[in-house]
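Notes for the one structure printed next.
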Amino acid sequence: MITLSATQAISPAIERTKYFLFKPFLLGRFLKLTLVALLTEGGMASCNFSKIIPSGNGDGSSHPIPPFHMPHLPQTHEAWLPILIGAAAVVVLIVIPVMILISYLLIRLRFSYFECVLRMQDRIGPAWARYHRQALRYLGLSWCIGLAVWVVLGVVGYNLYQRFKPLFDAMGSDHKPTFADFLPLIGIVLVLVMVLAIVGSLVNTALSYFVLPHMALEDASIMEALSDVWSDIIAEPWQYIFFILLRFLTTLAASIIGMIGLIIPLLVVVAVGAVIVILLKMASTGLAVMLGVPAGILLLGIFFLAGIGVSGTIGTYRRNYALLFYGGRYPPLGNILQPPMPMPPAPPLPPTPAWEPGNATGIMPGV
């Protein structure tokens with residue numbers, strides 16, 4: 033397969049996504065594939081913003097309890113100990129195993145969908161049966177990375193607490209710190225969150241789009257896959273940076289277009305429905321309720337399915353974009369996307385000169 037740059041892979045990825053999902057277009061098939069894509073590849077881009085709002089007792093009529101110190105009372109400790117032990121047991125025996133199981137199922141489904149998109153076939157089952165071992169290996173790597181992240185967060189959090197401990201202790205005193213006193217801490221936390229989000233996105237992209245093909249196609253070990261991918265990235269670092277940047281920008285653009293395509297028809301339908309409900313209510317309130325409630329539920333269901341379709345289409349595009357970009361750099365993947373041309377047959381050999389008994393020279397008679 034020819035090697036495509038990060039920009040050159042965009043257009044064929046769009047065409048490949050259209051062909052995979054819409055030719056032929058069958059609603060059930062489309063919803064099945066886009067739901068799997070939404071679960072494994074992600075959907076529309078989203079940003080969550082949160083505010084840090086300090087809280088306290090403004091009237092001063094009660095004595096505030098320091099939020100970072102438990103009351104040192106034996107009876108309180110004895111009362112909380114069984115609850116803490118029970119909560120820890122629930123987390124260890126139920127929550128963590130359920131999270132591991134869900135992670136394993138989603139990872140195995142990601143391998144299966146990778147196979148479907150790669151080979152342009154819509155059957156999940158055959159691919160699902162092949163990737164048990166690879167999914168377990170990928171799961172172990174993911175949890176090791178997650179554990180490392182939590183260790184880093186714990187170390188950073190402890191150091192931040194030690195650095196700003198006087199500020200925390202002052203919260204329980206008569207001289208409460210103001211919001212401005214927390215600004216340095218808030219700034220450090222925001223920078224750390226941004227760095228962690230960027231690093232996490234880079235690691236997840238490398239694992240999902242570059243490491244996973246090695247594990248799926250060659251059954252490569254984790255170290256072999258990581259080593260090969262690292263060598264590829266070192267060879268063309270700027271192309272991989274452009275790929276990640278363009279992947280983000282194209283996803284963002286597609287998400288904006290998808291949201292507009294969902295919201296505008298929804299607003300039109302809601303406006304028309306509201307007018308109809310008002311007219312029905314003027315005739316009979318019961319009739320308005322009897323027809324309006326099922327119509328509203330049906331509308332929400334259609335909007336939910338449309339959201340799955342849009343998000344899954346974007347997720348499928350991202351997988352195709354990665355396949356076409358990495359296919360030219362990883363021959364086993366590229367040979368499936370674009371099988372090599374068979375070698376032309378060798379030209380026939382010239383006829384061998386005739387030989388007759390008694391003609392030791394091998395020269396044809398009459399020559």
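Per my numbering, the sequence shown runs over residues 33 to 399. Backbone N, C-alpha and C define an ideal beta-carbon position, used for all residues, glycine too.
| query | result |
| --- | --- |
| Buried versus exposed call for Arg-140 [16 or more other C-beta atoms within 10 Å across all chains shown] | buried |
| Whole-Å CB distance - Gly-290 paired with Val-342, under 8 Å assumed | 4 Å |
| Where Ser-253 falls: helix, strand or coil (DSSP) | coil |
| Same chain, Cβ closer than 7 Å to Leu-63, five either side skipped, listed in chain order | Leu-337, Ile-340 and Gly-341 |
| Among Lys-313, Met-322 and Pro-364, nearest to Leu-249 - alpha-carbon criterion | Pro-364 |
| Sub-8 Å separation of Ala-69 and Gly-347 beta-carbons | yes |
| From Val-325, Lys-208 and Ile-265, residue whose alpha carbon lies closest to that of Leu-239 | Ile-265 |
| contact_flag[the stretch 123-136, the stretch 48-68] where n(CB pairs < 8 Å) is 3 or more | no |
| Residue closest to Ile-9, alpha-carbon to alpha-carbon, out of Lys-313, Ile-368, Val-184 and Gly-360 | Nothing in the structure corresponds to residue 9, since the chain is present only between 33 and 399. |
| Endpoints, alpha helix (DSSP H) assigned at Pro-198 | 197-201 |
| Limits of the unbroken alpha helix (DSSP H) element including Met-226 | 215-238 |
| Distance CB(Phe-200)-CB(Tyr-190) smaller than 8 Å | no |
| When Arg-279, Gly-293 and Trp-270 are compared against Ile-233, the one with the closest alpha-carbon | Contrary to the premise, residue 233 reads as Ser rather than Ile in this sequence. Answer by Cα proximity: Arg-279. |
| Same chain, Cβ closer than 8 Å to Leu-369, five either side skipped, listed in chain order | Met-33, Leu-150, Leu-355, Leu-356 and Gly-359 |
| Phe-242 vs Ala-38 beta-carbon contact at 8 Å | no |
| Best match in Met-152, Arg-162, Ile-132 and Pro-158 for proximity to Cys-176 [C-alpha to C-alpha] | Ile-132 |
| Contact set for Ser-144: own chain, Cβ-Cβ below 6 Å, skip 5 residues either direction | Ile-156, Ala-159 and Trp-160 |
| Buried or exposed by the 16-neighbour rule on C-beta atoms within 10 Å, applied to Met-247 | buried |
| Residue range of the alpha helix (DSSP H) that includes Ser-135 | 128-151 |
| Coarse secondary structure for Arg-361, derived from DSSP in three states | coil |
| Beta-carbon contacts of Gly-333 that lie in its chain and below 6 Å, excluding the five residues immediately before and after | none |
| When Leu-58, Tyr-349 and Val-181 are compared against Ala-286, the one with the closest alpha-carbon | Tyr-349 |
| Euclidean distance between Cα positions of Gly-344 and Gly-74 | 7 Å |
| Among Leu-116, Arg-162, Ala-167 and Ala-120, the one whose alpha carbon lies nearest that of Ile-134 | Ala-167 |
| Anticipated Cβ contact below 8 Å, Ile-254 with Leu-138, distance rounded | In fact, because the Cβ distance is near 18 Å, the residues do not count as touching under 8 Å. |
| Contacts around His-164, its chain only, beta-carbon distance under 8 Å, and the 5 residues preceding and following it disregarded | Arg-140 |
| CA-to-CA distance, Pro-297 to Phe-57, given in whole angstroms | 21 Å |
| Euclidean distance between Cα positions of Gly-366 and Leu-284 | 27 Å |
| Straight-line gap, Ser-43 to Ser-263 (C-alpha atoms, nearest Å) | 27 Å |
| Where Phe-52 sits in the DSSP three-state scheme | helix |
| Classification of His-101 by the beta-carbon crowding that lies within 10 angstroms, buried from 16 upward | Because the pLDDT at His-101 is just 46, under 50, the model does not fix this residue reliably, and the point stays unresolved. |
| Buried/exposed call for Val-261, threshold 16 Cβ in 10 Å | buried |
| Coil, strand or helix - Met-314 by DSSP | helix |
| Residue burial classification, Asn-352 (beta-carbon count within 10 angstroms, cutoff 16) | buried |
| Contact check, Leu-71 vs Tyr-170, beta carbons under 8 Å | no |
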